[in-house]
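Chemist: The opening residue of the sequence shown carries number 264 in the working numbering; numbering runs sequentially from there.
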Amino acid sequence: MVRYFKATEISEEEYIAATGEDLGFWNACVSPENDGVYVALDEEKESEFTIEISDFDELQSPEASS
């Protein structure tokens, strides 16, 4: 099955509002939430991040929220 994804940069405030957390002492953090997979990255310590396909499988389906 082919799957498609969209990645876009958001503000720290948007990240915290969606996940309830900030990056803290981590260099990178991936957090699946109801409406998307959120990533925080300290670009001074990391230059890339990995998101597992299974992170998207953890998202709440649109059918479940209606």
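C-beta: ideal position from N, C-alpha, C; glycine also.
This structure is a prediction, so every number in the text was calculated from the model and none was measured.
Measure the C-alpha to C-alpha separation of F312 and M264 and round it to an integer number of angstroms.
Modeler: Those two C-alpha atoms are separated by around 23 Å.
Chemist: If you compare alpha carbons, which of N290, E275, F319, D318 is closest to S310?
Modeler: For the residues N290, E275, F319, D318, the minimum Cα distance to S310 belongs to N290.
Chemist: Taking the C-alpha atoms as reference points, what is the distance between A303 and R266?
Modeler: Near 23 Å, if we compare the C-alpha coordinates of R266 and A303.
Chemist: Might you give, ordered along the chain, the residues of its own chain that have their beta carbon closer than 7 Å to the beta carbon of K308, omitting 5 neighbours on each side?
Modeler: Excluding sequence neighbours, K308 sits near N290.
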